[in-house]
Every structure is written in structure tokens, then in C-alpha cells.
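Just so you know, we're using our numbering here: the sequence shown kicks off at 5 and counts up by one. Don't be surprised by glycine CBs; every beta carbon is placed ideally from N, CA and C.
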Amino acid sequence: MNIGIVCYPTYGGSGVLATELGMALANRGHKIHFVTSHQPVKLNFLNPNLRFHEVFIEDYPLFHYQPYELALSSKLVEVVQKYKLDILHVHYAIPHAYAAYMAKQMLKDKGIEIPIVTTLHGTDITLVGSHPVYKTAVEFSINKSDVVTAVSNSLKNDTLRLFNIEKPIEVIYNFIDFDKQKSEADTECMRGSLAENDEKIIAHVSNLRKVKRVLDVIEIFSKIQDKIPSKLLMVGDGPYREKAEMLAKKLGIKHKILFLGKSDEIRKILCFTDLFLLPSETESFGLAALEAMAAKTPIISSNTGGLPEVNIQGVTGYLSNVGDIEDMAKNAISILENEQRLQQFKMAAFEHAQKFSIDNILPKYIDMYENVIKICC
Ligand code: GMT
Numbered sequence: 005m006n007i008g009i010v011c012y013p014t015y016g017g018s019g020v021l022a023t024e025l026g027m028a029l030a031n032r033g034h035k036i037h038f039v040t041s042h043q044p045v046k047l048n049f050l051n052p053n054l055r056f057h058e059v060f061i062e063d064y065p066l067f068h069y070q071p072y073e074l075a076l077s078s079k080l081v082e083v084v085q086k087y088k089l090d091i092l093h094v095h096y097a098i099p100h101a102y103a104a105y106m107a108k109q110m111l112k113d114k115g116i117e118i119p120i121v122t123t124l125h126g127t128d129i130t131l132v133g134s135h136p137v138y139k140t141a142v143e144f145s146i147n148k149s150d151v152v153t154a155v156s157n158s159l160k161n162d163t164l165r166l167f168n169i170e171k172p173i174e175v176i177y178n179f180i181d182f183d184k185q186k187s188e189a190d191t192e193c194m195r196g197s198l199a200e201n202d203e204k205i206i207a208h209v210s211n212l213r214k215v216k217r218v219l220d221v222i223e224i225f226s227k228i229q230d231k232i233p234s235k236l237l238m239v240g241d242g243p244y245r246e247k248a249e250m251l252a253k254k255l256g257i258k259h260k261i262l263f264l265g266k267s268d269e270i271r272k273i274l275c276f277t278d279l280f281l282l283p284s285e286t287e288s289f290g291l292a293a294l295e296a297m298a299a300k301t302p303i304i305s306s307n308t309g310g311l312p313e314v315n316i317q318g319v320t321g322y323l324s325n326v327g328d329i330e331d332m333a334k335n336a337i338s339i340l341e342n343e344q345r346l347q348q349f350k351m352a353a354f355e356h357a358q359k360f361s362i363d364n365i366l367p368k369y370i371d372m373y374e375n376v377i378k379i380c381c
């Protein structure tokens, strides 16, 4: 198949998932065309089946906001025609589903029919999409997509609750490529000089936005390190980094926390991590938690959104109400204080992560593409 993929090219979960999906499809012989504002950060160009088409925006002094949707829909029309695409798959509804619908209409005028798949990832529905300033257009463009998928049952239910949706939503979970995970991690899991031998390593990976409750991460760690010798690795960058550093300083634990910034070596870091913290306000799936589990790391998370579909209470980790840092710290300590229990949780996390293996999930995307190409247009 010739597949066009639209996504945010940054470190966010939806862009990472879309890029991994495109690369996996390319490895299986499909021709993949990424149409994005910049080169997706994780895109590896060694595969001749992968192409990247940059959406340029022409600036003009009159514009207060640059009309990205217009530039994207024009680019999609060009790429669909030139490379004879069979399908367009857009990740994150805003504004991609809307731009794809416009492209579809323009192509129709030229006698070309193309099916559109929209994958909902989370905040495009929960935090941003349902806001009154966007809701009408988001609802319209979801309803105009030929197929709609959501990354968890929880996100599907949120979409049906928040919008008036006239079509079925298929749940296709986020996935993990275990072979890649293995090859990118150090075989020996080098802890390097990050922590002393008697210290446990705890990690948080995110874009350090408000929704991730980054300050809770610091508070939970503060309580853990009172009882268990440990270090915290904060991976990623974002608006709450400075606030988190200030809180760590105030609590007198700054020397126990390493702010590593954005990293391309997450799999190596996870390899020697003992526990992962994800106390988010809302989380449609929690790809970061799945990546940690695939690296044999148990999860202490909130019980919001799709997290209970990924992190199983008392098996792969523990879940608590949003903001309940006491409970999260207590659960973390109970896992870390007993080496045998820690090993049990590590193995259970790894085993449960297999459910989301690329081998189980990729065929669902391929079947869905084949069906929609057959019936649509
Ligand atoms: O929250 C993020 O880190 C970024 C955001 C995105 O859209 O890029 O992630 C969302 O999509 C991920 C991939 O499907 C999910 O695993 C995340 O749970 C979801 N984030 C939220 O719902 C807050």
C-alpha cells in the first residue's frame, strides 16, 4: 500500500507512535509518506520505502497566526496525486483530521477518492478538542473520517461522551517493538555513574507539561528516598522543568535528582530503571508506561483515563487517585523495599507488555487499511 501519515513530528506520544507505525509498515514493504511540519524526530531514513514531505508555511505580515491547516491540506493534495497514495492516516485530530477532510474534498474535485483514517490520541479529545473553541470543527472532522480509531477503550468512551459521534470507533492500542527495544538498549544495562550500587533508580519520562503532574513526581520521590536509598532520573523537557527543579531544591533533594533533558536514549535509561512514576492528571493510554514495562520496569501511576488498561493493579505496579502522593509513595516503597517482590513486579510488567507487542497490534492497522481501501471510494 502507499500510505500517507500526518502527525506532530515532536517528542509527544502521538508523533512517536505514528513514526514507529510508519517505520514498521515500511519494513514490511509498504511505501510510507510522512507529511509533517518538520522531520519526525524518530524517523530513520535508511529504509527506501520511507519519504518525508515538509509542509512549508509562507509567512505574511498580515497573519497573526500562520494558516498551517491550509498549507497542510495543499501539501496533502500534492503528495496524494504525485505518489498515488491509497490512504491517508492522520494522528491527533487537531488540526490534522480537518486538513485531511479539506484535502479529500479538493481531490474529489479532481476525480480522486482517498479514504481518511483518524487516530485519536488523547488531549485532542480530552483537554483540547472538547474545548468550545475547537469542538465544532473537531466533531465535524471526526465524523467525516472514513475510519476513526482510539488508542484505548477509555479514550473511545471519552470521545463518545464529549462529542456527538455518528460512527463506530475502533480501539487499536499503542504498541511496542520488542526487537527494537532490545537492540537499542545496552546488553549489560550500564548504570554508569548515575547511582551508587545500593541505590534504586526511579524514572519519569514526559514532556514535563502540567498534565503530567511533574511536581507530584518530585513529592513522591521525596517520600521514597526518605525510606529507600535512591536516585530519580527526570527525562524530557517542558514548562514544568524549572518548577520541578525549584521544588527539589526546596525539599533538599536536588542532589538526588538528575534532570537529563530530551533524550534519544530512553531505552538505555529504562534498562537500568527499577520503578517508573506516571502520576498524570489525564492519560489516554500512557505510551511512556508501556515502554517502561517492556523494559521490565513496574509502574506507579494515577488511575486516570486508559492507564488501568496498561498498568494492572498489584501486578505490573499500582494505581492511585490523581494527586494521592501518599498512596503512590507507599506503593512505591512496598515494591522497592523487598528485592524478591521487585523482581516479581518487573517480570509481570514485562509479561503484560507483550499484549501490546507490535506483532499483535500492527496486523490490526493493516487489516483496517485493507478494509477501508476496499469499501471506501
Ligand atoms: O501526553 C503526551 O505526552 C503527548 C500526547 C500526544 O498526543 O502526543 O500523548 C497522548 O498520546 C499518546 C500516544 O497515543 C498516549 O500514550 C498518551 O497517553 C496521550 N497523552 C494524554 O492523553 C495526556
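- Message: Taking 8 Å as the threshold (C-beta atoms), are Ser-288 and His-125 in contact?
- Response: Result yes, Cβ atoms of His-125 and Ser-288 sit closer than 8 Å.
Once you ignore the five residues that flank Tyr-105 on each side, which residues in its own chain have a CB closer than 6 Å to its CB? Ser-145, Lys-148
- How would you write the range of the alpha helix (DSSP H) that Phe-354 sits in, first residue to last? 343-357
Original post:
For Lys-341, which of Pro-119, Gly-256, Ile-228, Pro-13 has the nearest alpha-carbon?
Top reply: First, the residue type needs correcting, since residue 341 is Glu and not Lys in the sequence shown. Distance from the Cα of Glu-341 is smallest, within the candidate group Pro-119, Gly-256, Ile-228, Pro-13, for Ile-228.
Fully enclosed by the stretch 274-347, which alpha helix (DSSP H) runs are 4 residues long or longer?
For the stretch 274-347, whole alpha helix (DSSP H) runs of length 4 or above, ordered along the chain, are 291-298, 311-314, 329-340.
Is Phe-280 near the ligand GMT, judged by its Cβ being under 7 Å from some heavy atom?
-> no
For a minimum of 3 consecutive residues, which ranges assigned as the beta strand (DSSP E) are wholly contained in the stretch 96-135? 120-124
Original post:
Quick one: Cα of Ile-377 to Cα of Ile-36, how far?
Top reply: 16 Å
Inter-residue CB distance, Gly-19 and Pro-44 (contact presumed, cutoff 8 Å) | 6 Å
Could you give the DSSP three-state label for Asn-6: helix, strand or coil? strand
field: Alpha-carbon to alpha-carbon, Phe-56 and Gln-85
entry: Cα to Cα, Gln-85 sits roughly 15 Å from Phe-56.
Should Leu-21 be listed as close to the ligand GMT, given that the test is whether its C-beta is under 7 Å from any heavy atom? yes
message: Counting C-beta neighbours from all protein chains within 10 Å, is the total for Arg-165 16 or more, i.e. buried, or is it exposed?
response: Around the beta carbon of Arg-165, fewer than 16 other beta carbons lie within 10 angstroms, which makes this residue exposed.
Checking the sheet assignment: what are the DSSP bridge partners for Ala-28? Looking at the DSSP assignment, Ala-28 forms no beta bridge with any residue, so it has no partner.
Spatial neighbours of Pro-243 within its chain, please: C-beta separation below 8 Å, excluding the five flanking residues on both sides.
Excluding sequence neighbours, Pro-243 sits near Leu-212, Arg-213, Lys-214.
- Query: Based on the DSSP secondary-structure assignment, which residues constitute the bridge partners of Gly-1?
  - Reply: For residue 1 there is no data in the structure shown, the boundaries of the chain being 5 and 381.
Less than 7 Å between the CB of Leu-291 and some heavy atom of the ligand GMT, yes or no? Leu-291: yes, Cβ under 7 Å from the ligand GMT.
Q.
Less than 7 Å separating the Cβ of Glu-330 from some heavy atom of the ligand GMT?
A. Because no heavy atom of the ligand GMT lies under 7 Å away, the Cβ of Glu-330 does not count as near it: no.
Output the boundary residues of the beta strand (DSSP E) element that contains Val-40.
Residue identity check: residue 40 is Thr in the sequence provided, not Val. Counting along the chain, Thr-40 sits inside the beta strand (DSSP E) bounded by residues 35-40.
key: Distance, Lys-254 Cα to Leu-50 Cα   = 47 Å
Please report the Cβ distance between Thr-123 and Thr-153, rounded to the nearest whole angstrom; I am assuming they are in contact, meaning their Cβ atoms lie under 8 Å. Between Thr-123 and Thr-153 a beta carbon distance of about 5 Å is seen, short of the 8 Å cut, so the two are scored as contacting.
Reference Asp-202, options Ser-226, Ile-222, Lys-231, Leu-219, closest by Cα: Lys-231
- prompt: What is the rounded straight-line gap between the Cα of Lys-235 and the Cα of Gly-327?
  reply: Note on geometry: alpha-carbon atoms of Lys-235 and Gly-327 lie some 22 Å from one another.
Restricting to Cα atoms, I'd like to know which of Pro-65, Phe-167, Leu-66, Leu-76 is closest to Ser-41.
Leu-76
Please return the same chain residues whose Cβ sits closer than 7 Å to the Cβ of Leu-346, not counting the five positions on each side in sequence. Asp-278, Ile-339, Leu-340
#### Entry: Cβ neighbours of Phe-349 in the same chain (closer than 6 Å, five flanking residues each side left out)
Taken in chain order, the residues that qualify are Pro-302, Ile-339.
Which residues share a DSSP beta bridge with Thr-153? Thr-123, Glu-174
>> Is the beta carbon of Phe-360 closer than 8 Å to that of Tyr-102?
In response: no
For the pair the stretch 85-100 and the stretch 61-70, tell me if three or more CB-CB distances fall below 8 Å.
no
Q.
Using the Cβ count rule (16 or more neighbours within 10 Å means buried), how would you classify Gly-8?
A. buried
Practice task
Please name the residue or residues paired with Lys-204 in a DSSP beta bridge.
Solution key: Ser-234
### Query
By how many angstroms is the C-alpha of Glu-223 removed from the C-alpha of Ile-257?
Using only the alpha carbons, I get a separation of about 10 Å.
Taking 7 Å as the cut-off, is the C-beta of Tyr-12 nearer than that to any heavy atom in the ligand GMT?
Correct: Tyr-12 has its Cβ closer than 7 Å to the ligand GMT.
Q. Looking at Glu-285 and Thr-320, is the spacing between their C-beta atoms short of 8 Å?
A. Their beta carbons are not under 8 Å apart, which means Thr-320 does not touch Glu-285 by this criterion.
By how many angstroms is the C-alpha of Leu-281 removed from the C-alpha of Asn-168? Inter-residue distance for Asn-168 and Leu-281 is about 35 Å (C-alpha atoms, whole angstroms).
- Message: Per DSSP, what are the beta-bridge partners of Ser-361 in this structure?
- Response: For Ser-361, which the question treats as bridged, DSSP gives the partners Ile-180.
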